[in-house]
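First up is the structure itself, then whatever we jot down about it.
Number of protein chains: 2
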Amino acid sequence: MEKKDKQPTIKEIAKKLKISTSTVSRALKDHPSIGLVTTMRVKKVAEELGYEPNQTAIFFKQRKTFTIGIILPSISEAFFSAAISEIEHIANEHRYTVILGQTADDPDREMQVIEAMKKHRVDGIILSAAKNTTEYAFLPLLENAGIPIVFFDCVPNMEGVYAVLSDLKAGLHDAIDLLVSCGHSRIALINGPSSLPASLERYEGYLEGLEKHHLHLYTEYVEATDLSESRNLEAMERLIDLPNRPSAVILFNDYVTLDAINACRKRNVVINQDIFFVSFANFPYWKYMDNPPMASIEQLPGEQAIIAANKLFALIDQPNLPYERIVLKSKLVKSL
Amino acid sequence: MEKKDKQPTIKEIAKKLKISTSTVSRALKDHPSIGLVTTMRVKKVAEELGYEPNQTAIFFKQRKTFTIGIILPSISEAFFSAAISEIEHIANEHRYTVILGQTADDPDREMQVIEAMKKHRVDGIILSAAKNTTEYAFLPLLENAGIPIVFFDCVPNMEGVYAVLSDLKAGLHDAIDLLVSCGHSRIALINGPSSLPASLERYEGYLEGLEKHHLHLYTEYVEATDLSESRNLEAMERLIDLPNRPSAVILFNDYVTLDAINACRKRNVVINQDIFFVSFANFPYWKYMDNPPMASIEQLPGEQAIIAANKLFALIDQPNLPYERIVLKSKLVKSL
DNA sequence: CTGTTAGCGCCTTCAT
DNA sequence: ATGAAGGCGCTAACAG
Numbered sequence: 004m005e006k007k008d009k010q011p012t013i014k015e016i017a018k019k020l021k022i023s024t025s026t027v028s029r030a031l032k033d034h035p036s037i038g039l040v041t042t043m044r045v046k047k048v049a050e051e052l053g054y055e056p057n058q059t060a061i062f063f064k065q066r067k068t069f070t071i072g073i074i075l076p077s078i079s080e081a082f083f084s085a086a087i088s089e090i091e092h093i094a095n096e097h098r099y100t101v102i103l104g105q106t107a108d109d110p111d112r113e114m115q116v117i118e119a120m121k122k123h124r125v126d127g128i129i130l131s132a133a134k135n136t137t138e139y140a141f142l143p144l145l146e147n148a149g150i151p152i153v154f155f156d157c158v159p160n161m162e163g164v165y166a167v168l169s170d171l172k173a174g175l176h177d178a179i180d181l182l183v184s185c186g187h188s189r190i191a192l193i194n195g196p197s198s199l200p201a202s203l204e205r206y207e208g209y210l211e212g213l214e215k216h217h218l219h220l221y222t223e224y225v226e227a228t229d230l231s232e233s234r235n236l237e238a239m240e241r242l243i244d245l246p247n248r249p250s251a252v253i254l255f256n257d258y259v260t261l262d263a264i265n266a267c268r269k270r271n272v273v274i275n276q277d278i279f280f281v282s283f284a285n286f287p288y289w290k291y292m293d294n295p296p297m298a299s300i301e302q303l304p305g306e307q308a309i310i311a312a313n314k315l316f317a318l319i320d321q322p323n324l325p326y327e328r329i330v331l332k333s334k335l336v337k338s339l
Numbered sequence: 004m005e006k007k008d009k010q011p012t013i014k015e016i017a018k019k020l021k022i023s024t025s026t027v028s029r030a031l032k033d034h035p036s037i038g039l040v041t042t043m044r045v046k047k048v049a050e051e052l053g054y055e056p057n058q059t060a061i062f063f064k065q066r067k068t069f070t071i072g073i074i075l076p077s078i079s080e081a082f083f084s085a086a087i088s089e090i091e092h093i094a095n096e097h098r099y100t101v102i103l104g105q106t107a108d109d110p111d112r113e114m115q116v117i118e119a120m121k122k123h124r125v126d127g128i129i130l131s132a133a134k135n136t137t138e139y140a141f142l143p144l145l146e147n148a149g150i151p152i153v154f155f156d157c158v159p160n161m162e163g164v165y166a167v168l169s170d171l172k173a174g175l176h177d178a179i180d181l182l183v184s185c186g187h188s189r190i191a192l193i194n195g196p197s198s199l200p201a202s203l204e205r206y207e208g209y210l211e212g213l214e215k216h217h218l219h220l221y222t223e224y225v226e227a228t229d230l231s232e233s234r235n236l237e238a239m240e241r242l243i244d245l246p247n248r249p250s251a252v253i254l255f256n257d258y259v260t261l262d263a264i265n266a267c268r269k270r271n272v273v274i275n276q277d278i279f280f281v282s283f284a285n286f287p288y289w290k291y292m293d294n295p296p297m298a299s300i301e302q303l304p305g306e307q308a309i310i311a312a313n314k315l316f317a318l319i320d321q322p323n324l325p326y327e328r329i330v331l332k333s334k335l336v337k338s339l
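First to last, the protein sequences are chains P and X.
Counting along the first sequence from 1, when you hit position 181 you're at 184 in this note's numbering, and nothing is skipped either side.
Counting along the second sequence from 1, when you hit position 85 you're at 88 in this note's numbering, and nothing is skipped either side.
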């Protein structure tokens, strides 16, 4: 199982030059106290031997791995892969490496991944929590191990953490303002599972929005789905079948919206004519669709990720920054 | 910069129990020669202290990091993020960690990322090469360092490597067969940059397909784009404006297709009526579109990734497997 | 300027 | 069944 590789070490360089390893070590990093000639000679031999410092030894010695972990429910979702992409960029600028973990929204998997990262001695973690994580048992563990963690997007509802998130409520208010200004009063909501904080937030924003415009809350206008395709379709079909069909629907996210669009197609309900959609944008391809939602509430995965990453690197340099909850105002983007 | 963390070590456990570190080390891994009682006592203390083995030390000692690198042009592209997701899964089953690098299709970045991974002493690398990498200068480096590498999707056109790719030509033949069977004879191709092997392969497949059906090759039916939105649009517009406009177009990939769809919309050319598309599938959302291509040549990112990952883990266990080029037959998927 | 020494945490012969 | 000792590759006091 051992690698057969016999990579050159500073020891060999030292032997070859009949000098000490410390001199080699210093020369290699241009330590000022080493003579120019020695430095040159060392570098030459290093070059010849194809020497490369053994990072694993350095990590070990420095007690630092120059590695951060990103943990997400799912890598392949556009929202998250956009985030990873940005974080990788920033990490790269800081000469850090990124290691990756997927939780599939399973709190147990999440715990495992975090423990694995802790074992790897990552210097920090960026986490978008599994949607139904309720206990953050890993927080004291990480705290204890001195590993800073920054949450983003799906963040615990508590003090004493670093978190970056988008303010969904503001987006919802804007959405309802827009719909009302377009003459809508029968506004429905297809929400996500009630277990999610994200769902609660949307619901509250929805209520507040209605209230602000003195619109009545029809309970049959509030649907919930577990985000599966079939449930998404059913939820939309129920709304379509209502005697007083809503004229506008706000949807939990773009994937729900895609299914809702299909439901409308099946029922011959014409989007942006018989019914109007406002969605939470996770889907970068609306501009290619014939019937996009009239507006999307942009959750800015890239921006969230960038802020989270910068915060993490700040924490790695300076571990005792005050806890902070950075809330990005989600922006309403009109597509029509 | 040093972490203040003072995590417990086997030494502390040893001191506490007044036994030697070697005993602790062995007890912790249930070495048969350690008495049951000692083992228990050791484990108990380890538990109490919240001991966790320092992986960086183990990596260092074992000369193995249980880490693999994935290097891709862009993490956020659906094709690649699907691949990452699968690879992360498999790595996880093998108790391996995944580190990530993006090249943005830049050969220099690619080289840097590979060097970084080499420094990290990853146990293996999975690489989808930058689209315009022509020299694979890193191969001897990795060879030398004993780091196995498996290419996937975008692979070097040479012997002596492990590669997984999909057979685009077969897909193209199927596509042309299908189009001809639907009565098309004016079949165009919007290809990618001629520098890409992937473009060449498509072009050859296209020629072969035409030939098979004794169709004439009209040079004006072959467009190329650098994959930018504007070039994609222009290419399609030129085809639309031809006096003998093609009745079907095969497109380099789905993103080109999306733009081509928009070009048609602008020009009031109705898709799946005035003109038909066959694309290479990188886009999982056609089922939600009103005017999808009539068929897609599926490149199976997930499958490619799974095979590549399995191959890599095989190589990590057994470094001298014969070189192999695994070609997946790309499947034509009809959407209409 | 350069060498000596010691040690990071763990594992592994080799003794006992 | 356990301990002692040495070393992985590199760095960083501390001495010269």
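Backbone N, C-alpha and C fix where the C-beta goes; we use that ideal spot for every residue, glycine too.
Could you check which residue in the options has the C-alpha nearest to that of residue i?
i	options	result
Phe155/X	Ala308/X, Val273/X, Thr68/X	Ala308/X
Ser79/P	Lys290/X, Phe286/X, Asp109/X	Phe286/X
Ile264/P	Gln105/X, Met292/X, Lys172/X, Val272/X	Met292/X
Leu171/X	His187/X, Leu103/X, Ser282/X	Ser282/X
Tyr310/X	Ala173/X, Val40/X, Lys18/X, Glu91/X	The sequence shown places Ile at residue 310/X, not Tyr. Comparing Cα-Cα distances from Ile310/X to each of Ala173/X, Val40/X, Lys18/X, Glu91/X, the minimum goes to Glu91/X.
Ile102/X	Ile117/P, Asn271/P, Gly72/P, Phe83/P	Gly72/P
Does residue i come out as helix, strand or coil in the three-state DSSP assignment?
i	result
Asn323/X	coil
Gly245/P	A small fix is needed here, since residue 245/P is Leu in this sequence, not Gly. In the structure shown, Leu245/P sits in coil (DSSP, three-state: anything other than H, G, I, E or B).
Thr260/X	helix
Phe155/X	strand
Phe63/X	helix
Ser84/P	helix
Thr70/X	strand
Lys7/X	Below a pLDDT of 50, predicted positions are generally treated as unreliable, and Lys7/X, at 37, falls in that range; the measurement from the model is reported next regardless. Coil at Lys7/X, not helix or strand.
Tyr291/X	helix
Ile90/X	helix
Ile150/P	coil
Thr100/X	strand
Ala201/P	helix
Ala178/P	helix
Step through the CB atoms of chain X and report whether any lies within less than 8 Å of the CB of residue i.
i	result
Phe63/P	yes
His219/P	no
Arg270/P	no
Tyr288/P	yes
Ala238/P	no
Lys6/P	Reliability fails at Lys6/P, whose pLDDT of 35 lies under 50, so the model's placement of it is uncertain and no value is given.
Ala60/P	yes
Thr68/P	yes
When the cut-off is 8 Å and only beta carbons count, does residue i lie next to chain P?
i	result
Ile78/X	yes
Ala148/X	yes
His123/X	yes
Gln55/X	The question names Gln, but residue 55/X in the sequence shown is Glu. For Glu55/X, the answer is yes, since a Cβ of chain P falls inside 8 Å of its Cβ.
Ala341/X	Outside the modelled stretch of chain X, which goes from 4 to 339, sits residue 341/X, for which no answer is possible.
Ile264/X	yes
Tyr291/X	yes
Leu242/X	no
Gln10/X	yes
Ala17/X	no
Leu261/X	yes
Thr136/X	no
Gln105/X	yes
According to DSSP, what are the bridge partners of residue i?
i	result
Asp170/P	Lys332/P
Ile253/P	Leu192/P, Val281/P
Glu226/P	Ile193/P
Tyr139/P	Tyr139/P pairs with nothing; no bridge assigned.
Ala298/X	Val281/X, Lys337/X
Is residue i near the ligand SAM, with its Cβ less than 7 Å from a heavy atom?
i	result
Ala263/P	For the structure depicted, the ligand SAM is absent and the ligand set is empty, with no information on it obtainable.
Quiz item: Residues in the segment 85-102 of chain P with C-beta within 7 Å of chain X's C-beta atoms, listed in sequence order?
Solution: Ala85, Ile87, Ser88, Glu91, Thr100, Val101, Ile102
Quiz item: Using a beta-carbon distance cut-off of less than 8 Å, what residues from the segment 310-326 of chain P approach chain X?
Solution: Asp320, Pro322
Quiz prompt | Residues of the segment 37-49 of chain X whose Cβ lies closer than 8 Å to any Cβ of chain P, in chain order | solution = none
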